[in-house]
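Following: one structure in structure tokens, then a few remarks.
2 protein chains.
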Amino acid sequence: MNLKEFAARIGLSQTTVSRAMSGYPEVKAETRARVLEAAERLGYRPNSIAQRLATGRAGAIGIVFQGGGRFGPHSSEFMGGLSTRLQQEGIDILVSTVESAQDEAAAYRRLAASKRVDAVIVHTPARTDERIALLQALGLPFIVHGRSEAEKPFAFLDIDNFGAIAAATKHLAALGHRRIALINGDTASTYARDRDKGYRRTLAAEGIAVDPALTGHGEFTDETGFRLMQGFLALPAPPTAVIAGSMMSALGAMRAIRIAGLAVGEDVSLIAHDDVFPYLSPDNLVPAVTTTQSPIRAAGERIGDMALRLLQGEAPEALQEVWPVEFVIRGSTGAARS
Amino acid sequence: MNLKEFAARIGLSQTTVSRAMSGYPEVKAETRARVLEAAERLGYRPNSIAQRLATGRAGAIGIVFQGGGRFGPHSSEFMGGLSTRLQQEGIDILVSTVESAQDEAAAYRRLAASKRVDAVIVHTPARTDERIALLQALGLPFIVHGRSEAEKPFAFLDIDNFGAIAAATKHLAALGHRRIALINGDTASTYARDRDKGYRRTLAAEGIAVDPALTGHGEFTDETGFRLMQGFLALPAPPTAVIAGSMMSALGAMRAIRIAGLAVGEDVSLIAHDDVFPYLSPDNLVPAVTTTQSPIRAAGERIGDMALRLLQGEAPEALQEVWPVEFVIRGSTGAARS
DNA sequence: CTGAAAGCGCTTACAG
DNA sequence: CTGAAAGCGCTTACAG
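So the protein lines, in turn, are chains A and B.
According to this note's numbering, the first sequence is numbered sequentially starting from 1.
According to this note's numbering, the second sequence is numbered sequentially starting from 339.
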């Protein structure tokens, strides 16, 4: 049933029905109630595609994943939060997957030209990220999950990566550790740079020399964590503590520590930076893992909020947030062995 | 730029431009080439919302997640595959999240009435699943990932859960195990029933009595795997082997085994049923985990295919597949200790 | 507070 | 092979 039929059915004009259903104030309360009741009873719902064409709003937010949509656990938590929030406003999420950075740029051009989304979410920004300049040039509104440098201000939500790793490093130093390793992410990304800064500055403040051999970079997978940790342990002077960039890296690092015949939390302290995954909690591991954590799901919800406000005309520079990170001490960290 | 402006710009009618761009055969090859070249050069792309209104096709497939969008690693792999396939055809994926089964039904009604999707994907079906009857009643095309019982035939893709667990059970029995535990999923779901059947029938065929105390059910999380395995190990006659329903349950089970002072693959054999996650591979664990596996990412791609065929008018009964499951023996299984 | 009508940007029968 | 025009189902300025 479409608007024309429905309006005829209840003896009102399409105009009035349309206004009643979208909450316009000009409609008499009694009329509105009657329309809403009838819509419910007869099962009428406006065709959302027609609404979108008429209003010029796409009613959707886009998000692009690289690597053939091989999004990991962080992405799914983020998406869960984002979709929960946007759904409340009837906004769809349009997921695209691409293979390369070049394809990602093409995807934004396509989304902008075909008017399929009102805004997009950009994630894992590089320190200077050409996606930002492109979107600004295209006039396609966007929110960045993370931070970056750009000429013109833009909306973003990031966590305090610097503070997180600084706190972790400081805690380990206070426990007497002097050889502290860091498993970090992709060097091009802002978050990896911020974490690296937090690590180096804290070491300097504690009077500990930075040893480049104790820093590794790679994807946040079990395998990378394992490989990097094995490398650290094979050094002439292996670390007595390690900060892993994610829970998955931490799993791999723990395995490497055990295989070396060492005990996590006793011979080698371990801190993971991560979010709480419902299916893999740091509390449940043995020993329970000390973490710096920030709920990526909540970040997804918040970015949904920010996207809605951006579409309502709020200025990008008014939509910039940096969230503090929680530090939870558990059994995987202990005093350095002398 | 819209069609009207673009057509005027290149001196052709809107009709001809539209036909040229959508690949209709009536257009002269030379004209089409000219149109395509100009579109590329001038950056014209049809407004997809207008296309959808005009054609009556939503150009989107819906998928609903329960539990506040708290979709785990399996969902993300599936979505990756699905989106890769659908994107090739310019079909969007519309993700919705709901809290309850009732909300899920409401979501389908809403999607159907507002014509926002051409079809939906239903996952984790129960043995008798009211979603199927609802969608058939609504006339909203759908593909089920999994299997179920229903009056009218419907499209589905499932894996051979029976065969997977039968193979795992048989392998363990051949190694001399007589006390084999099973960590299974939600009892209402078809896959859990099929796995249970594969387990029981194989035990019966091997002349092993079924002990109900050796079967547990729950979510596929690290925590549930841990808790169930601890329960099994506390039995007067603990199992010497366990089949875990997922990699996450397997991680928890391995932890429980180790905490009990036992060695995986020696004191207790372990088989996980799962898919290969890029960030957590059974090959990398220590010991490497024997698995029954089926690529959920490939299933996502295939279901994308099937959805496209369904929309092209293929009959649901022609779109039914059951995939065999691969069995890979690794270090976590060994001969039973006497 | 309500309604008639134009318009959103396409597709596609129909006519040539 | 190409074009003029109706139609998809809404919203919303304009008029009353």
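Ideal Cβ placement from N, Cα and C applies to all residues, glycine included.
Quick caveat: nothing in here was measured; it's all calculated off a predicted structure.
Beta-carbon neighbours of residue i, restricted to chain A and to distances below 8 Å
i: T435/B; result: G80, S83, T84 and Q87
i: I431/B; result: L94 and V95
i: R679/B; result: For residue 679/B there is no data in the structure shown, the boundaries of chain B being 339 and 676.
Residue i - containing alpha helix (DSSP H), residue span
i: F343/A; result: Chain A is shown only over 1 to 338; residue 343/A falls outside these bounds and no answer can be derived.
i: D103/A; result: A101 to A113
i: G554/B; result: From DSSP, G554/B is part of no alpha helix (DSSP H) but of the beta strand (DSSP E) over T553 to H555.
i: N284/A; result: Segment: none, N284/A is in no alpha helix (DSSP H) and carries neither H nor E.
i: I431/B; result: Looking at the DSSP string, I431/B is not in any alpha helix (DSSP H); the run it does join, the beta strand (DSSP E), is D430 to V436.
i: E659/B; result: Premise fails: E659/B lies in the beta strand (DSSP E), Q658 to W661, not in any alpha helix (DSSP H).
i: F694/B; result: Any question about residue 694/B goes unanswered here, given that chain B covers just 339 to 676.
i: I49/A; result: S48 to T55
i: G30/A; result: For the sequence presented, residue 30/A should be read as Glu rather than Gly. Element bounds for E30/A: A29 to L42.
i: E561/B; result: D560 to L571
i: E664/B; result: It is not in any alpha helix (DSSP H) - E664/B instead sits in the beta strand (DSSP E) that spans E664 to V666.
i: E639/B; result: I634 to L649
i: G252/A; result: M247 to I259
i: G536/B; result: T528 to A543
i: T353/B; result: Q352 to M359
Contact set between residue i and chain A, taken where Cβ atoms lie within less than 9 Å
i: A637/B; result: Per Cβ cutoff of 9 Å: no residues; A637/B is ~13 Å from chain A at best.
i: F558/B; result: Y279
i: R593/B; result: N284, L285 and V286
i: A396/B; result: S48 and I49
Partner residues on chain B for residue i, Cβ-Cβ distance less than 9 Å
i: A20/A; result: Near A20/A there are no residues of chain B at all, since even the closest Cβ is about 17 Å away, more than 9 Å.
Chain-ordered neighbours of residue i on chain B, where CB pairs are closer than 8 Å
i: T342/A; result: Residue 342/A lies beyond the residue range present for chain A, which begins at 1 and ends at 338; the question has no answer from this structure.
i: R110/A; result: R383
Residue i: contacting residues in chain A (beta-carbon distance under 7 Å)
i: S632/B; result: Chain A residues near S632/B: none, gap ~17 Å exceeds 7 Å.
i: E561/B; result: S281 and N284
i: L391/B; result: I49, A50 and L53
i: M644/B; result: Under the 7 Å cutoff, chain A gives no residues; its nearest Cβ is about 18 Å from M644/B.
i: I597/B; result: V286
Integer-rounded CB distance, given that residue j should sit under 8 Å from residue i
i: Q425/B; j: S96/A; result: 6 Å
i: A502/B; j: T630/B; result: 4 Å
i: T528/B; j: P463/B; result: 6 Å
i: M254/A; j: L270/A; result: 7 Å
i: V64/A; j: V98/A; result: 6 Å
i: R469/B; j: A445/B; result: With a Cβ gap of about 10 Å, R469/B and A445/B do not count as contacting.
i: G536/B; j: T507/B; result: 7 Å
i: A582/B; j: I521/B; result: 5 Å
i: R533/B; j: N499/B; result: 5 Å
i: R454/B; j: S48/A; result: 5 Å
Limits of the unbroken beta strand (DSSP E) element including residue i
i: T291/A; result: T290 to Q293
i: N522/B; result: I518 to N522
i: G400/B; result: A398 to Q404
i: L270/A; result: S269 to D274
i: F500/B; result: Counting along the chain, F500/B falls outside any beta strand (DSSP E), though it belongs to the alpha helix (DSSP H) covering N499 to A512.
i: V242/A; result: A241 to A244
Chain-ordered neighbours of residue i on chain B, where CB pairs are closer than 7 Å
i: L43/A; result: Residue identity differs from the one stated: residue 43/A is Gly in this sequence, not Leu. Going along chain B in sequence order, the residues near G43/A (Cβ under 7 Å) are A451.
i: F226/A; result: N622
i: M229/A; result: The contacting residues do not exist; M229/A stays about 12 Å from chain B at best.
Next on the checklist: Taking contact to mean 3 or more Cβ pairs, one atom from each stretch, closer than 8 Å, check whether the region 177-187 of chain A and the region 139-157 of chain A are in contact.
Outcome noted: no
Item to check | Touching by the beta-carbon criterion (3+ pairs, under 8 Å), the region 347-357 of chain B and the region 16-27 of chain A | outcome: no
Item to check | Start-end ranges of the alpha helix (DSSP H) lying completely within the region 448-493 of chain B, minimum 4 residues | outcome: Counting only runs of 4 or more, we get 468-476.
Checklist entry - Touch check for the region 113-128 of chain A and the region 136-143 of chain A: three-plus C-beta pairs under 8 Å? => result yes
Checklist entry - Between the region 260-270 of chain A and the region 205-221 of chain A, do three or more beta carbon pairs fall short of 8 Å? => result no
Checklist entry - Contact between the region 634-641 of chain B and the region 575-595 of chain B: three or more CB pairs below 8 Å? => result Output reads no: the region 575-595 of chain B does not touch the region 634-641 of chain B.
Item to check | Cβ pair count under 8 Å reaching 3, the region 639-651 of chain B against the region 611-626 of chain B | outcome: no
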